[in-house]
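Worksheet for the structure shown next.
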Amino acid sequence: MTKRMDLFDIVIYVFITVLSFMCLYPFLMVVAGSLSSQSSILNNGYKLIPEEWTLGSYKALFISGKSIPRAYGVTILVTTVGTGLSLIINTMMGFVLARKEVRGRKLLNLYVLFTMLFTGGMVPWYIVCVNYLNLKNTLWALIMPMLVNAWYIFLIRNFMMSIPGEMYESAKIDGANDYQVFFRIYLSLAKPVLATVGLFVALRYWNDWWLGLMLVDKPQLQPLQLLLHTIISNIQFLKTMNASPEMQRVWSSVPTEGLRMAMVVVSIGPIVLLYPFVQKYFVKGIMVGAVKG
Amino acid sequence: MKRKFMVILVVLALLISMVGCSGKADEEKAVEKSPESSTETSKSNTEKSATETSDELEEVTLRFYFFGDSREKVQDVWDTISEKYKKELNVKFEIGFIPGSEYSNKLIAMAASGDDYDMNFDGNWLAYSQMVTKGAYLDLTELLPKYAPDLYAKYQELGVLDAASVDGKIVALPWTMSMNQRPYFTFNTKLAKEAGIPIEDGSVKTFEDVDKVLEQFYAKFPKIEGIGEFKAEAIYAKYELVPLNYHNLVYSLKDEKPVVMAFEDTEAYKERAMWAKKWNDAGYISKNAVNEEVDGNVLLGEEMRFSHFTWHEWSKNLGKVVGDNIATTSELYPDMRYGNRSPLSNVVAINANAANPERTLMFLNLLETDQELYDLVHYGIEGETYKLNGTMAEYAVEGMTGANSNYMEWGGQWALWKPQFMRPNATYAEGFWAKEAELAAQEKNVNTPLSSFFPDSSKIQNELAARDQIWELDKLIRYGAVKSADDAVAEMREKQQAAGSAVIVAEIQRQVDEFLAGN
Amino acid sequence: MDKIKFQPNMRGRKKLGALGKLRKLNWRLYSMALPAVILLALFSYWPMFGLVLAFKDFKFKDGIFGSQWMDPFFDHFELLYTSPDAINALKNTLTLNFSFIIVGTISALTLAILLNEVKHNNFKKFSQSITFLPFFVSWVVVGAFLAEILNYDNGIINRILVMLNLERIAFYMEPKYWPTILNIENIWKNMGYNAVVYLAAISGIDSSYYEAAAIDGASRFQKIRYITLPLLKSTIIILVLLALGRIMNADFGMFFYSTKGLYSLWETTDVIDVFVYRGLRVTGNIGIASAAGFLQSGISLIVVLVFNAIARKMDKDSALF
């Protein structure tokens, strides 16, 4: 590939630079906001460089004195196990749905799709999880309910369908069974989509606090985002309930603006860790070797 | 073949739905069963406590849920309580906290699933109305006098149990604080001095006075926000209106017998809209105020806002929030009568499926009489989670961090406040609550005829939802962010009428009449 | 692309025994689908018994099935079909989500294709990471920034207007600007995230196509037009169809924190999720909430069925079913 730039390139580079700037600038404002004092935000608005530096917001996030390392541990465990399992399960399903010779494929498609459209609601879901599946106060409660997702299945299915059918058939003729075909050939061919879905799944697990909130009471099992969310949620709630003096008492003493910003910064973790790793799968033409070799 | 597969799928689907159905059956059983079983256990426990001495109480675990955020020390403190009161109670505690925005959601899900937790905090600003309507709280009519006689006696003396009763059954335990939230006009002292506004106690009594002060202020500081939103409480005082604390319904103390009105239908509402509009046009109310979210006291402290309406507890207390001597307060319409605060502001309630309601009540009874227990529950372990300085409970002492200080947080404390035991702290000075109670006992501060009335919403659910929905317009009105005050009020009235406000008013009036006849 | 169908079991069809039939059914493939099928049954289908709540007067002690049916049966739906505001919210939900899907798809696709054209790998990786960042900024924070940009007294836009001798705009009082504002917000926040899917799809394209095109002397623009875009068609269709499945579900955070739910903006910004939230904040009526959910799902189902049929006409393989 040559690196000679033509006009088209220049247009692209300028466009992407401008776009990146538009995405980066507000984000830097978030970082700066998380490091600014409440009064400097109120008086001067959000600035790129804090007028008054403080770590107050981060302190407030972690002031509740809960065990942050433990919460990190829970989150990391849940994210790794959840992402791994979720990838395998969703990918297998996507693989099956992509096989045209599967009878009842249409029904199976509908079966998956329907879960995207209809949900039973929060209360019945809670009853199922707690009363029948006994998930309350277990680690599985943070993993199981999010394992399968119709959206990911269809993404994977779609990608698998773009893989030439010869791959499957020639492997079968060579005597491989479906599992072997799946694990030996398709998984490596589907790397770009696996990287994508893996990233999305990991983000979901990493950022989730809802499962923890509903299904876990034990502090030892609470994920990081739940701890953070609790703090923010309390403040946010106090704002909408301004009629209650109890509420006002609490929220007027907290640096709300900076706190929200700090939360954004903290939640960025997985992208910083995962994304560079994921990106290497987005190289054009990854398939070539596989098809020809 | 295709058909065969269909058959298999149908069978699968049937199987799944059967699992579902059997699940349903189980669930119904579980839900039907649990109240019985809990009464059974309660019976057996009753017998026990009647026949055996208390130190032979069987050990049980009580599960409580409070509002807010759990601190690291919570379990330690409650373990200590459990140790110390082994003889009297013999209980272990499991303490859960639920954050604000999800409080109602989680409570409702737990109650619906038949969870057997014992007690939770609630209030008329939280999930109380929903929980009561759905029958989630245990009927305490018989259990309360039996297991918590001291607490019961206190309630009798205060006469607040009616408020926590539905169909004559006691369903919750309201707090025993008495206080009054009269509206005050609060302004930044320093800015007032600079603008040449006299700072005397009681110099601002009426909205005309407020208007004058704002005009004077604006002449000097046109760039600083003059006043915040026009809170409803402020206009209530002028017209002697009492809020039902129920979907913006009010009644007037001037009427012989309470006549329920929709707030927007009153003269008061019109006047409020008029002032807000005037102040918005004049630039006293910021054009941005309607979409701002910053707390008024913070703005006041930062000299970004000159004044706003607050209430009594805050007015006397304000120095603690925005820094000493920053704000001056003035009582609005001091000669008018104003209703005392509803006892339902903060309650604890026992779950209908609670595993151990008796023991929970015994705990609550002990809390009513035992200062030591109260200190433990509210402030934690002396020297570890707070320091006693004379009678004062101090949280921010050297060597204490957020991790161990103020271990229950405010949200955890409201549930069980007892005026007789409350220690002064950084927010509430010595004698604050006694003064608050004195104030509530003044002649102009009245216990309203309907303070212990709790409306039943079951027949007007749709109308209420529609009403709350349209009420959003009020936000524009109270900031004066409307083209014309009269038109906006007319729009509110029309829309509310179309949404069935008359039905709501009629239904609540009927309930009020019944309630008054019953007393 | 591949037209050859390989069907190894065509012959000897009638002679299969029970075991053979099972083998014919390809149990290995079905067993691979099993975990997902079971998990969906447990966490999605089982709780669906709760849909009856839309028609029940739910009391905890009676349980979901023991509770009385509503009388009239559709009582929980009343708020949704009698209130003119509800109809407005339904309309806004549909139109705004449609515009989000169209504008969002185009912007994400453009970004992915342009990123793919970048020759310097470091620049590509760096800008790709950066465009992903807004995804992490919560809507509350976006709302706060937005309020500052649109501030009446010293927001950047109003300052520019004053500089140009134009009148200030009270944005939170003027509904007409909001569909545009919301669309821009949506692009900004989700473009990087959605582009990742397209990037993955592009990297799945066999590079021999491009090589062949290069030999034929195709320009880069032609390669995009005649190779990349057509091969992305099925991905685009599937993503759009999936998005249509959520057409009735507005992003609550976006609407609530951007517009603050202000009455003055309802005309163009009120969506069904915010509408329901507002009505039920105090009463918390599970029945009405379920009814709203039911209605949303129903409409989405119809929309998906219609568009799936259209998609099937366009490209049989990329339809959802």
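Protein chains in written order, with our numbering: chain E, 1 to 293; chain F, 294 to 812; chain W, 813 to 1133.
Yeah, the Cβ is synthetic: ideal placement off N, Cα and C, and Gly gets one too.
Exposure label - residue 225(E); buried when at least 16 CB within 10 Å: Here the question's residue 225(E) lines up with position 225 in the first sequence. So residue 225(E) counts as buried.
DSSP beta-bridge partners of residue 857(W): Locating residue 857(W) in the third sequence gives position 45, where the first residue counts as 1. The partner list for residue 857(W) (beta bridge, DSSP) is empty, contrary to what the question assumes.
Identified DSSP bridge partners for residue 415(F): Counting from 1 along the second sequence, the entry for residue 415(F) is found at position 122. Residue 415(F) is bridged to 640(F).
Contact under 8 Å by Cβ, residue 659(F) with residue 451(F): Within the second sequence, numbered from 1, the residue matching residue 659(F) stands at position 366. Within the second sequence, numbered from 1, the residue matching residue 451(F) stands at position 158. Cβ atoms of residue 659(F) and residue 451(F): not closer than 8 Å.
Delimiting residues of the alpha helix (DSSP H) encompassing residue 775(F): One-based indexing of the second sequence puts residue 775(F) at position 482. No residue range can be given for residue 775(F), since it is assigned to no alpha helix (DSSP H) and is classified by DSSP as neither H nor E.
Burial state of residue 286(E) (16 or more Cβ within 10 Å): Here the question's residue 286(E) lines up with position 286 in the first sequence. With a pLDDT of 43 at residue 286(E), under the threshold of 50, the modelled position of this residue cannot be trusted, and the question is left open.
Sequence-distant residues of the same chain with beta carbon closer than 6 Å to residue 636(F), five excluded per side: For the purposes of this step, residue 636(F) is taken as residue 343 along the second sequence, with counting starting at 1. Around residue 636(F): 453, 456, 467.
C-beta neighbour in chain E for residue 1072(W), strict 8 Å: Here residue 1072(W) refers to the residue found at position 260 when the third sequence is read from its first residue. No, residue 1072(W) does not count as interfacial toward chain E.
Residue 151(E), DSSP secondary structure in three states: Within the first sequence, the letter at position 151 stands for residue 151(E). DSSP places residue 151(E) in helix when its eight states are reduced to three.
Buried versus exposed call for residue 880(W) [16 or more other C-beta atoms within 10 Å across all chains shown]: In the third sequence, the residue the question calls residue 880(W) occupies position 68. Of the other Cβ atoms in all chains shown, fewer than 16 fall within 10 Å of the Cβ of residue 880(W); this residue is therefore exposed.
Chain E contacts from the stretch 392-403 of chain F (Cβ-Cβ distance under 9 Å): 392, 393, 394, 395, 396, 398, 399, 401, 402, 403
Span of the beta strand (DSSP E), counted from its first residue to its last, around residue 480(F): Within the second sequence, numbered from 1, the residue matching residue 480(F) stands at position 187. Per DSSP, residue 480(F) belongs to the beta strand (DSSP E) from 476-481.
Between the CA atoms of residue 585(F) and residue 962(W) - distance to the nearest angstrom: As a first step, residue 962(W) must be located in the third sequence, where it is residue number 150. As a first step, residue 585(F) must be located in the second sequence, where it is residue number 292. The alpha-carbon atoms of residue 962(W) and residue 585(F) are separated by roughly 12 Å.
Residues of its chain near residue 353(F), where Cβ-Cβ distance is below 8 Å and the 5 sequence neighbours each way are ignored: What you label residue 353(F) is simply residue 60 of the second sequence in a count that begins at 1. Once the five neighbours on either side are set aside, the close Cβ partners of residue 353(F) are 383, 384, 385, 648, 649, 652.
Reference residue 752(F); option with closest CA among 1095(W), 900(W), 860(W), 976(W): On the second sequence, position 459 is the one that residue 752(F) refers to. Distances from the alpha-carbon of residue 752(F) to those of 1095(W), 900(W), 860(W), 976(W) put 1095(W) closest.
Amino acids of chain W, ordered along the chain, whose beta-carbon sits closer than 7 Å to that of residue 108(E): Translated into the one-based positions of the first sequence, residue 108(E) becomes position 108. Correct list: 845.
Status (buried if at least 16 other CB within 10 Å, exposed otherwise) for residue 362(F): For the purposes of this step, residue 362(F) is taken as residue 69 along the second sequence, with counting starting at 1. Buried, by the Cβ-count rule.
Residue 462(F) - DSSP class collapsed to helix/strand/coil: In the second sequence, residue 462(F) corresponds to position 169, counting from 1. Strand, per DSSP.
Buried or exposed by the 16-neighbour rule on C-beta atoms within 10 Å, applied to residue 611(F): Counting from 1 along the second sequence, the entry for residue 611(F) is found at position 318. Caution is warranted here: a pLDDT of 48 is assigned to residue 611(F), below 50, making its placement in the model unreliable, and the coordinate value is therefore given only provisionally. Buried, by the Cβ-count rule.
Cβ pair residue 433(F), residue 464(F) closer than 8 Å: Translated into the one-based positions of the second sequence, residue 433(F) becomes position 140. Translated into the one-based positions of the second sequence, residue 464(F) becomes position 171. Yes, the Cβ-Cβ distance between residue 433(F) and residue 464(F) is below 8 Å.
Alpha carbon of residue 373(F) to alpha carbon of residue 671(F), nearest angstrom: In the second sequence, the residue the question calls residue 373(F) occupies position 80. In the second sequence, the residue the question calls residue 671(F) occupies position 378. Distance between the alpha carbons of residue 373(F) and residue 671(F): 13 Å.
Contact check, residue 798(F) vs residue 746(F), beta carbons under 8 Å: As a position in the second sequence, residue 798(F) is number 505, starting the count at 1. As a position in the second sequence, residue 746(F) is number 453, starting the count at 1. Cβ atoms of residue 798(F) and residue 746(F): not closer than 8 Å.
Whether residue 414(F) touches residue 448(F) by CB criterion (8 Å): Here the question's residue 414(F) lines up with position 121 in the second sequence. Here the question's residue 448(F) lines up with position 155 in the second sequence. No, the pair does not count as a contact, with Cβ atoms beyond the cut-off.
Residue-chain proximity (residue 994(W), chain F), Cβ-Cβ < 8 Å: Position 182 of the third sequence, counted from the start, is the residue given in the question as residue 994(W). No, residue 994(W) lies away from the interface with chain F (no Cβ there is under 8 Å from its Cβ).
Alpha-carbon spacing of residue 905(W) relative to residue 912(W), whole angstroms: The residue given as residue 905(W) occupies position 93 in the third sequence. The residue given as residue 912(W) occupies position 100 in the third sequence. So the alpha carbons of these two residues sit roughly 10 Å apart.
Helix, strand or coil at residue 593(F) [DSSP, three-state]: In the second sequence, counting from the first residue as 1, residue 593(F) sits at position 300. Helix, per DSSP.
C-beta atoms of residue 1073(W) and residue 1086(W) nearer than 8 Å: Walking along the third sequence from the start, residue 1073(W) turns up at place 261. Walking along the third sequence from the start, residue 1086(W) turns up at place 274. Yes, the Cβ-Cβ distance between residue 1073(W) and residue 1086(W) is below 8 Å.
Assigned secondary structure, residue 1005(W) (DSSP; H/G/I helix, E/B strand, else coil): Numbered from its first residue, the third sequence carries residue 1005(W) at position 193. Taken through DSSP and simplified to helix, strand or coil, residue 1005(W) comes out as helix.
Cα-Cα separation, residue 1068(W) to residue 1019(W): Position 256 of the third sequence, counted from the first residue, corresponds to residue 1068(W). Position 207 of the third sequence, counted from the first residue, corresponds to residue 1019(W). Each residue's Cα considered, the two are about 45 Å apart.
Paired residues, beta bridge with residue 881(W) - DSSP: As a first step, residue 881(W) must be located in the third sequence, where it is residue number 69. Under DSSP, residue 881(W) shares a beta bridge with 868(W).
Cβ-based burial, residue 21(E) [other Cβ within 10 Å; buried from 16]: On the first sequence, position 21 is the one that residue 21(E) refers to. Flag for residue 21(E) reads exposed.
Reduced DSSP secondary structure (H/G/I, E/B, other) of residue 31(E): In the first sequence, the residue the question calls residue 31(E) occupies position 31. Look at residue 31(E) here: in three-state DSSP terms it is helix.
Extent of the continuous alpha helix (DSSP H) run through residue 387(F): Sequence index remark: in the second sequence, residue 387(F) carries index 94 (1-based). From DSSP, residue 387(F) is part of no alpha helix (DSSP H) but of the beta strand (DSSP E) over 384-391.
Chain F within 8 Å of residue 130(E), Cβ atoms only: Reading the first sequence from its first residue, position 130 is the one you call residue 130(E). Judged by the 8 Å Cβ criterion, residue 130(E) is in contact with chain F.
Cβ distance (whole Å) where residue 411(F) is taken to contact residue 661(F) below 8 Å: Translated into the one-based positions of the second sequence, residue 411(F) becomes position 118. Translated into the one-based positions of the second sequence, residue 661(F) becomes position 368. The pair is not a contact, with the Cβ atoms about 17 Å apart (cut-off 8 Å).
The stretch 933-953 of chain W contacting the stretch 24-31 of chain E, beta-carbon criterion three pairs below 8 Å: yes
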